[in-house]
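Numbering (our numbering), first residue to last: 360 to 771. Backbone N, C-alpha and C fix where the C-beta goes; we use that ideal spot for every residue, glycine too. Below: one structure, written as structure tokens.
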Amino acid sequence: MKTPSLIPLIALAVVAAAGGYLAGRLGKTDASSPAEEAATNAATSVARGDRRGGDDAQRQERGQRSAADRKADARKRVEAIARLADPLERGRALLALVDQLGPEEFQQAVDHFRSLGLTEDRMAEYAVLLSAWAKVDPIGALDYAKANTTRPFAINTILGSWASIDPDAAIRWAESNHSGEGANPYLAGIIGSIAASDPDRATALVTGMPRSVERGRALDAFLPQLVAQGMEATRAWIDALGDEALRDGAIARAAEQLAATDPAAALDWLVSNPGSATNRSIDDVYRNWMRVDRDAAVASLATLPQGEPRANALRGVVSDITRDDPQAAIGLMDQYAGDVTDRVVQNFIWNAFGTDPASAISQIGRIADEGSRNRMYGRTLGAWLERDPAGAGAWIDSNPLPERVLERLENR
Numbered sequence: 360m361k362t363p364s365l366i367p368l369i370a371l372a373v374v375a376a377a378g379g380y381l382a383g384r385l386g387k388t389d390a391s392s393p394a395e396e397a398a399t400n401a402a403t404s405v406a407r408g409d410r411r412g413g414d415d416a417q418r419q420e421r422g423q424r425s426a427a428d429r430k431a432d433a434r435k436r437v438e439a440i441a442r443l444a445d446p447l448e449r450g451r452a453l454l455a456l457v458d459q460l461g462p463e464e465f466q467q468a469v470d471h472f473r474s475l476g477l478t479e480d481r482m483a484e485y486a487v488l489l490s491a492w493a494k495v496d497p498i499g500a501l502d503y504a505k506a507n508t509t510r511p512f513a514i515n516t517i518l519g520s521w522a523s524i525d526p527d528a529a530i531r532w533a534e535s536n537h538s539g540e541g542a543n544p545y546l547a548g549i550i551g552s553i554a555a556s557d558p559d560r561a562t563a564l565v566t567g568m569p570r571s572v573e574r575g576r577a578l579d580a581f582l583p584q585l586v587a588q589g590m591e592a593t594r595a596w597i598d599a600l601g602d603e604a605l606r607d608g609a610i611a612r613a614a615e616q617l618a619a620t621d622p623a624a625a626l627d628w629l630v631s632n633p634g635s636a637t638n639r640s641i642d643d644v645y646r647n648w649m650r651v652d653r654d655a656a657v658a659s660l661a662t663l664p665q666g667e668p669r670a671n672a673l674r675g676v677v678s679d680i681t682r683d684d685p686q687a688a689i690g691l692m693d694q695y696a697g698d699v700t701d702r703v704v705q706n707f708i709w710n711a712f713g714t715d716p717a718s719a720i721s722q723i724g725r726i727a728d729e730g731s732r733n734r735m736y737g738r739t740l741g742a743w744l745e746r747d748p749a750g751a752g753a754w755i756d757s758n759p760l761p762e763r764v765l766e767r768l769e770n771r
């Protein structure tokens, strides 16, 4: 199989995953068995491009071998690659493998790869196999994914690879395989694939989707391609969206990426475009900002309007400060008492409880909702009593508590 257009995709996927490979996943001892050494040598030979007589001879040999033999060989080669400890050797071997597999062999290769365990560090290799399969037999790959997977990763990867060479066919498949009035779950991979080459069509597909989790996934697939063109282009695209909910979600997602390099600009953008999604994103911006420049992040709280924007910002700041200095976090909550919501307090309590349970529990009284307040007392005091009965008992004896909480503690 010769697929020149696939090579950049495969190379990027392999390089992206190289840092996460776990050496010797199939072997647990330092010494390899003879069978393992043979498998490693075979895979390394493939990685070095040993074609055993050239492409013509190989094609002739393949034609003489039975389909069963070729499928068995695909399984062996996948396992041999999995045994390689060096990520570069694994990458080269995988490139050689997908370049040589025939359409009828991919299912065995993918099936066996999945049987070895789809851990997080192996997902890039999995994507390489699926993407290569989609180039030669997209329908077969999709039929397999529909029958054997439950999460959208495999189908989106296959459709994205197919769309890179035949977007019309990929879209037709997505439309014909979706029924009902809800959002089409098959569009996200296609949208991410064509976003750079055909942004107008990708935009039309996104804006045609109803508000849903699927549309959020489509946005997640689209925006990295858009952000790569610069924030000005990203803002112009988002400003042109007619759907307010879609624009709100797009701003929130794009601002999260901007926050990694310019949190102040990301914050200004979110504050000037208030909405449910953008308000929720403010605390994420502050979490990033606190890691980059804590003093600037804390000082900026005073510039925010009182209410939900500052409450969300305070939640992010308090969560970060609490881990190092619970008392400083309490001082900040005192300074902005009007913006302390139940969620701010809850974040403080869970972050402080591990190192300073007394300070954590001392702030439970700030929780406005009585039911939530009493449940928080019960959980934290119960956990503290199990961990440090003397310390917890002394605190309970010297601090006023609601009658219902005391009754539950006595029964405990």
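If you check the CB distance, residue 593 and residue 611 do not come in under 9 Å.
Per DSSP, residue 509 lies in no alpha helix (DSSP H) segment and is marked neither H nor E. Exclusion of the five residues before and after residue 677 leaves 688, 691, 692, 703, 706 and 707 as the residues of its chain whose Cβ lies within less than 7 Å of its Cβ. Of 735, 498 and 572, the smallest CA-CA separation from residue 547 is found for 572. From the listed residues 446, 468, 463 and 445, the smallest Cα separation to residue 456 is found for 468.
When secondary structure is reduced to three states using DSSP, residue 634 falls in the coil class, being assigned neither helix nor strand.
In this chain, the alpha helix (DSSP H) harbouring residue 526 covers 526-535. For residue 710, the number of other beta carbons within 10 angstroms of its own is at least 16, and it is reported as buried. Residue 599 carries a coil assignment under DSSP once its states are collapsed to helix, strand and coil. A direct Cα-to-Cα measurement between residue 619 and residue 675 gives close to 15 Å. Classified as exposed, residue 498 has fewer than 16 neighbouring CB atoms from the shown chains inside 10 Å of its CB. Just measuring C-alpha positions, the residue of 587, 595, 606 and 720 sitting nearest residue 686 is 720. By the Cβ criterion, the region 544-561 is in contact with the region 504-519, since at least three pairs of Cβ atoms, one from each stretch, lie closer than 8 Å.
Closest in alpha carbon position to residue 741, among 602, 759, 770 and 669, is 770. For residue 523, there is no enclosing alpha helix (DSSP H), as DSSP marks it with neither H nor E. If the five residues before and after residue 725 are omitted, its C-beta is found closer than 7 Å to the C-beta atoms of 699 and 704, all from its own chain and listed in chain order. Residue 455 carries a helical assignment under DSSP once its states are collapsed to helix, strand and coil.
Only buried fits residue 669, as 16 or more other CB atoms lie within 10 angstroms of its CB. Of the residues 616, 559, 495 and 599, the one whose Cα lies closest to the Cα of residue 524 is 495. In the DSSP assignment, residue 690 falls within the unbroken alpha helix (DSSP H) covering 685-694. Linking residue 465 to residue 745 through their CA atoms gives a straight-line distance of about 55 Å. One thing to note: residue 515 has its Cβ no nearer than 9 Å to the Cβ of residue 451.
With fewer than 16 neighbouring CB atoms inside 10 Å of its own CB, residue 447 falls in the exposed class.
Excluding sequence positions up to five before and after residue 737, its CB lies within less than 7 Å of the CB of 764 and 767, all in the same chain and listed in chain order.
Here residue 588 is exposed. Its C-beta has fewer than 16 other C-beta atoms within 10 Å.
In this chain, the alpha helix (DSSP H) harbouring residue 730 covers 729-746. Under the criterion of beta carbons closer than 8 Å, residue 617 and residue 609 do not qualify as touching, at roughly 12 Å. The beta carbon of residue 440 lies closer than 7 Å to those of 402, 449, 452, 453 and 456 in the same chain, with the five residues before and after it left out.
Put simply, of 665, 445 and 473 the residue whose alpha carbon is nearest the alpha carbon of residue 437 is 473.
Runs of the alpha helix (DSSP H) spanning 4 or more residues and lying entirely within the region 451-502 occur at 465-474 and 482-495, in chain order. Exclusion of the five residues before and after residue 566 leaves 600, 601, 602 and 605 as the residues of its chain whose Cβ lies within less than 8 Å of its Cβ.
Within the model, the alpha-carbon separation for residue 661 versus residue 735 is close to 30 Å. With a threshold of 16 other beta carbon atoms within 10 Å, residue 716 meets it and is buried. When DSSP states are grouped into helix, strand and coil, residue 564 belongs to the helix group. When only Cα atoms are considered, residue 470 and residue 512 end up about 15 Å apart.
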